[in-house]
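Be aware that the sequence shown starts at 50, since it is given in our numbering, and climbs by one per residue.
What follows is a set of notes on a single structure, which appears directly below.
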Amino acid sequence: MAALPPWKKVLYLKQPYEDNYVDESFLDSLVLNANVQRYEFWSLCSGTLAILWQLSLVVVFVSVWWRVQQLTWNLNWLLALDGLLFGCFVCGWRRDKAEALWDVLNACKIVFPLWVLAPLLQTLTRSWSDDTIAVIASALLFLHVASYRYQDVADHHGIPASKRVSPAHSLPGGPTALNAAVLAATILASRLQTAEEVFAFMSFAMEVFALPRARFPAQVARTEEALVALYLCAIVMLGFGLAAAAFVLVSGVITFLSPALFMWAQRYKAEIQGPWDIAHVNPSTRQPGQESCQ
50 MAALPPWKKV LYLKQPYEDN YVDESFLDSL VLNANVQRYE FWSLCSGTLA ILWQLSLVVV
110 FVSVWWRVQQ LTWNLNWLLA LDGLLFGCFV CGWRRDKAEA LWDVLNACKI VFPLWVLAPL
170 LQTLTRSWSD DTIAVIASAL LFLHVASYRY QDVADHHGIP ASKRVSPAHS LPGGPTALNA
230 AVLAATILAS RLQTAEEVFA FMSFAMEVFA LPRARFPAQV ARTEEALVAL YLCAIVMLGF
290 GLAAAAFVLV SGVITFLSPA LFMWAQRYKA EIQGPWDIAH VNPSTRQPGQ ESCQ
């Protein structure tokens with residue numbers, strides 16, 4: 050029996066082999082998980098810090114509203130909190146006077162319209178029930194955390210400085226997250242007692258969600274210290290009760306359990322790369338009366 054000629058990876062070339070035949074070189078050229086990125090556990094955990102920061106902001110924000118709505122805090126507490134936060138944002142993380150001036154101008158553009166609209170906002174949801182307020186506000190705050198553009202924080206580490214968007218000229222978290230937070234703040238503020246409280250609470254909400262300095266300080270040298278301070282503040286505001294325990298549990302799942310599950314699932318990832326390239330015309334193997342491709 051005559052020996053068969055070597056198999057060639059040429060389409061439409063008449064060969065003494067089946068159409069689905071491949072030789073040993075095909076299996077040798079297969080590569081498993083060649084481009085799969087490998088992760089480290091603590092690197093993944095550090096990547097969740099921006100989520101924990103935003104979640105802590107939301108917890109502090111809701112806790113402040115609850116204290117004001119239950120008359121535990123009065124207007125003076127709110128005004129003092131507004132002044133403290135604005136002073137921290139302007140003086141604590143700024144790098145030059147231009148950024149501080151930009152923050153002051155942004156705050157003025159927000160504060161004065163709020164003062165005028167406060168009486169209107171107070172009566173915005175007068176006909177709504179408390180259950181409706183709770184459901185809508187919870188859904189909007191969840192949407193804020195879920196749709197927040199955390200990639201903007203990661204971009205500070207992976208994108209050249211010339212291509213970054215300046216924090217002072219971009220919407221914190223993206224338009225969807227910002228609009229959801231502002232709408233939730235407006236709905237919650239409408240349940241307060243006086244127009245002055247509505248104004249002070251909306252100013253606090255704008256400082257927390259709308260000012261660029263309130264976003265996760267990835268560009269600050271002491272990021273961990275700022276996050277720990279905010280996290281402990283959220284726990285204190287919740288009162289060390291069942292709500293605080295639930296918040297600690299959720300933050301633990303986000304920070305540690307989710308990266309661990311991701312690394313565990315990555316073991317089962319199978320990405321195979323092989324020589325299944327597109328066939329191209331090969332004039333050197335063209336035979337009379339037929340097209341030859343490879």
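Each residue gets a CB set at the ideal place from its N, CA and C atoms; glycine is no exception.
In terms of Cβ geometry, serine 300 and leucine 134 do not form a close pair [threshold 8 Å].
Taking C-beta atoms as the reference points, alanine 293 and isoleucine 284 count as a pair closer than 8 Å. From the listed residues Trp56, Leu279, Leu163, the smallest Cα separation to tyrosine 70 is found for Trp56. When the five nearest sequence neighbours on each side are left out, the beta carbons in the same chain lying within less than 6 Å of the beta carbon of alanine 230 are those of His193, Phe258, in order along the chain. Shown here, glutamine 86 sits in coil according to DSSP, grouped into three states, outside any helix or strand.
By the beta-carbon neighbour count (other beta carbons within 10 angstroms, threshold 16), tyrosine 197 is buried. Secondary structure of leucine 76 (DSSP, three-state): helix. In the structure shown, glutamine 64 adopts coil according to DSSP, grouped into three states. Bounds of the alpha helix (DSSP H) holding isoleucine 236 are 224-238. Scanning the region 92-170 for uninterrupted alpha helix (DSSP H) segments of 4 residues or longer gives 98-118, 124-136, listed from N- to C-terminal end. As the crow flies, the alpha-carbon of alanine 186 is around 14 Å from that of alanine 195. Residue pairing of isoleucine 321 in beta bridges, as defined by DSSP: Leu81. Taking 8 Å as the cut-off, the Cβ atoms of tryptophan 102 and leucine 276 count as close. Less than 8 Å divides the Cβ of glutamine 171 from the Cβ of alanine 244.
Of all alpha-carbon atoms in Met251, Tyr317, Gly323, the one lying nearest the alpha-carbon of arginine 87 is that of Tyr317. The continuous alpha helix (DSSP H) containing proline 308 extends over residues 307-315.
Leucine 79 places its beta carbon less than 8 Å from that of isoleucine 321.
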